[in-house]
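A quick write-up on the structure given underneath.
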Amino acid sequence: MTFLYPAVIGVAVLVGAAAVAGYVALQRKRADALKKAGFATLQKSRLRQHLPYGLLLAALPVMLVGLARPQAEVAVPRVAGTVLLAFDISNSMSATDVAPSRLGAAQEAAKAFVTDQPDSVDVGVLVFGDQALLTQAPTDDHAAAVAAIGRVTPSGGTSLGQAILVALGTITGKPVSLPAEGQAPTTQDLGYWPSATIVVFSDGEETGGPDVQAAAELAAAAGVRIQTVGVGTAKGATVEVDGFQLGTALDETLLTTVAQVTGGAYQQAGDADALTDSTKSIDLRLTTEKEPIELTAGFAAAALLLLTLGGLLGVRWHGRIV
1 MTFLYPAVIG VAVLVGAAAV AGYVALQRKR ADALKKAGFA TLQKSRLRQH
51 LPYGLLLAAL PVMLVGLARP QAEVAVPRVA GTVLLAFDIS NSMSATDVAP
101 SRLGAAQEAA KAFVTDQPDS VDVGVLVFGD QALLTQAPTD DHAAAVAAIG
151 RVTPSGGTSL GQAILVALGT ITGKPVSLPA EGQAPTTQDL GYWPSATIVV
201 FSDGEETGGP DVQAAAELAA AAGVRIQTVG VGTAKGATVE VDGFQLGTAL
251 DETLLTTVAQ VTGGAYQQAG DADALTDSTK SIDLRLTTEK EPIELTAGFA
301 AAALLLLTLG GLLGVRWHGR IV
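Below, the structure written as structure tokens:
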């Protein structure tokens, strides 16, 4: 417990001690007077004699402590931390098996997701094709995050592994990479970031890049959970790339595996409305944050209670308050 005006505590101690000393001196004076008058045997029990006045005296320092503005820190549960929205912008995301397109539906769902988040959640935006790029650093300015989502356009292949590594680098503030092929695994001290979540919007069609499973395991070791949202349909569609017609369909296997490795969940949506609904079930982490709570009202209530009890007992047992 802390006090905004700690000097008042000293005053409360001095005033309380002075009041008790004065009361003791007064009682001794009364006892001497009764003894001299021959009425010592008429004194009431010690409980009835002193309890009402003890309650009244106790109210004074309690009230003064309240004036010192006491505060206590309590752990308040809240949804907080960092969310990185990672968008697959490969050519397959231009498929129209989800209207208006896979990427367009993902953008609308992500915008609704950002709008629903409290100010305590910082939102960043990352896009990934053959490479991954952070287009909006995590911020509590959700309008900026929504604007970044609106600038996403499809092109290139898909490297979900690279997206995870760039997202981890953004969260931890240090470059993150996997060992080159043939090299022994290295231990990276990324710290522990349980309040960070990566939300991936993708059709799950991986075309190359760093090993996705290894990148997901790295995220899990750092306490970062990955939630995946499948965009597209199992039936699929055809997209045109460089004059060629290519078939593409939602592949849920990889997205499910990535989510499960990190303790996250996979959400599947076959149309734009279902995709928007799926983002509502994305589970963000509840954290606790210590917040100062002022206790002045509690001390004032306690002082009032002591005064009331002391007054009532005084009237009942002695016929007067003081």
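Okay, so the sequence shown: first residue is 1 according to UniProt numbering, each after it adds one.
Idealized CB from N, CA, C, for every residue including glycine.
The beta carbon of L246 sits closer than 8 Å to those of N91, S92, T238, V239 and E240, all from its chain and outside the five residues before and after it, given in chain order. Per the Cβ contact rule, the stretch 214-221 is not in contact with the stretch 119-132 (fewer than 3 Cβ pairs under 8 Å).
For T82, the uninterrupted beta strand (DSSP E) segment begins and ends at G81 to D88. Distance from the CA of P118 to the CA of A99, rounded to the nearest whole angstrom, comes to 29 Å. Judged by their CB atoms, S94 and L103 are nearer to each other than the 8 Å cut-off.
Between P175 and M1, the alpha-carbon positions lie close to 41 Å from each other. The beta carbon of K235 is closer than 8 Å to those of D97 and A249 in its chain, skipping five residues each way along the sequence. Per DSSP, reduced to three states, the secondary structure at P292 is strand. Judged by DSSP in its simplified three-state form, S202 adopts strand.
Per DSSP, the continuous alpha helix (DSSP H) segment holding R46 begins and ends at R46 to L67.
The beta-carbon separation of V199 and V229, rounded to 7 Å, stays under the 8 Å limit for a contact. When secondary structure is reduced to three states using DSSP, Q27 falls in the helix class.
Short of 8 Å from the beta carbon of T207, and not among the five residues preceding or following it, lie these beta carbons of its own chain, in chain order: S90, D130, G157, T158 and S159. Under the DSSP assignment, L103 falls in the alpha helix (DSSP H) whose first and last residues are R102 to T115.
Within the same chain, I171, A222, G223 and V224 come within 6 Å of W193 by CB-CB distance, once the 5 residues on both sides are set aside. The alpha carbon of I149 has as its nearest neighbour, out of G191, Q162 and T135, the alpha carbon of T135. Excluding sequence positions up to five before and after D251, its CB lies within less than 6 Å of the CB of G204 and E205, all in the same chain and listed in chain order. Under the three-state reduction of DSSP output, T279 falls in the helix class. In the three-state reduction of the DSSP assignment, A72 falls in the strand class, which pools E and B.
In the DSSP assignment, Q267 falls within the beta strand (DSSP E) that extends over Y266 to A269.
Boundaries around A132 are those of the beta strand (DSSP E), A132 to T139, since no alpha helix (DSSP H) includes it.
When DSSP states are grouped into helix, strand and coil, L284 belongs to the coil group. Rounded to the nearest angstrom, the Cβ distance from L56 to L307 is 6 Å, consistent with a contact under 8 Å.
Going by C-alpha positions, Q267 is about 15 Å away from T197.
Collapsing the DSSP output to three states places T158 in coil. For T238, the enclosing beta strand (DSSP E) stretches over residues A237 to V241.
A straight-line Cα-Cα distance of about 29 Å links L304 and K290.
Nearest neighbour of Q162 by Cα position, chosen from D116, V212 and F201, turns out to be V212. Non-local beta-carbon contacts of P154 in its own chain, meaning distances under 7 Å to residues more than five positions away in sequence, involve I89, S90, N91, M93, S94 and L103 in chain order.
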